[in-house]
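Please read the structure below before turning to the comments.
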C-alpha cells in the first residue's frame with residue numbers, strides 16, 4: 023500500500039541550511055516532523071490539508087536556533103521514567119522532551135538511549151501515554167502546499183522510517199520560531215529519520231521526533247503496532 027506522509031516544518035531559514043520548500047510538513051513530522059500536517063494518505067485514509075502560512079506580522083525576526091540538549095547520565099535518565107513503567111512486560115518507548123532523548127525499555131529494563139529532536143516552543147511533542155499507530159518503511163514525503171512528492175533517498179525529509187503514535191484533527195496555529203502558521207485539519211506525530219543530522223538534540227520540530235537514521239532503523243525493528251509510547255515533558 024502506498025503511504026503518503028507530509029513532513030513537519032523546520033524552524034530555520036534556508037540560510038540556516040533548510041529551505042522552506044524542503045521543510046514544510048515534518049512532521050510531524052517534520053513524518054523531520056511536527057505534528058505532521060497531512061494532505062496525506064495514511065493506511066488509506068485521507069487527512070486534512072495544511073493552510074498556507076499566515077502573513078501577520080511579517081516583520082518579526084526569526085528566533086535564534088535552539089541549543090543542543092546537555093547529555094545526562096543513565097541514572098538521571100532512569101529517574102525521569104515513571105515508576106510504573108518498570109513493571110511493564112515487553113518493549114516500550116519513553117521520550118524525555120526536556121533532555122531530548124528517546125529511551126527504550128524491555129521488560130522494565132533500560133536497553134537503549136537515543137538523542138532526539140522534539141517540538142519547538144508552542145508546537146511541543148504531545149505529552150502523555152500513547153501507542154504506536156503505524157509503521158511505514160520508506161515513506162513518501164508530500165509537500166503540503168505544492169504537492170511535490172519525494173520518495174526513497176537522501177532528499178526525503180522523513181528518512182527511511184516512520185513510526186506514528188499520535189493523531190488529532192483540532193488544527194494548530196501560532197508562531198513556530200520563524201513564521202506564523204495556521205494548520206486546518208488533521209495532524210500526526212511520530213518518530214522518523216532526517217537528512218538534517220545537526221537538528222537532532224534540539225527543540226526544532228512541529229511535534230514530530232527526529233532521530234539519526236541508524237537509530238530510527240533500530241527502533242523501527244524493535245516496535246510493533248500497539249507498542250506503548252510515553253512522552254514526558
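In my numbering, the protein residues as written are 23 to 255. Glycine included, every Cβ here is placed at the ideal spot set by N, Cα and C.
Item                                                                                                                : Value
Span of the alpha helix (DSSP H), counted from its first residue to its last, around residue 102                    : 96-102
Given residue 220 as reference, the closest of 210, 214, 232 and 212 once Cα atoms are compared                     : 232
Residue 123 classed as buried or exposed, judged by whether at least 16 other C-beta atoms fall within 10 angstroms : buried
Under 9 Å between C-beta atoms of residue 185 and residue 214                                                       : yes
CB of residue 130 within 9 Å of CB of residue 97, strictly                                                          : no
Close Cβ partners of residue 116 (< 6 Å) along its chain, the five nearest in sequence each way excluded            : 103, 125 and 252
Cβ separation of residue 249 and residue 153, assumed to be a contact under 8 Å, to the nearest whole Å             : 7 Å
Distance CB(residue 137)-CB(residue 91) smaller than 9 Å                                                            : yes
Length of the line joining the Cα atoms of residue 238 and residue 197                                              : 28 Å
For residue 184: DSSP bridge partner residues                                                                       : 158 and 214
Nearest-angstrom Cα separation, counted from residue 161 out to residue 171                                         : 10 Å
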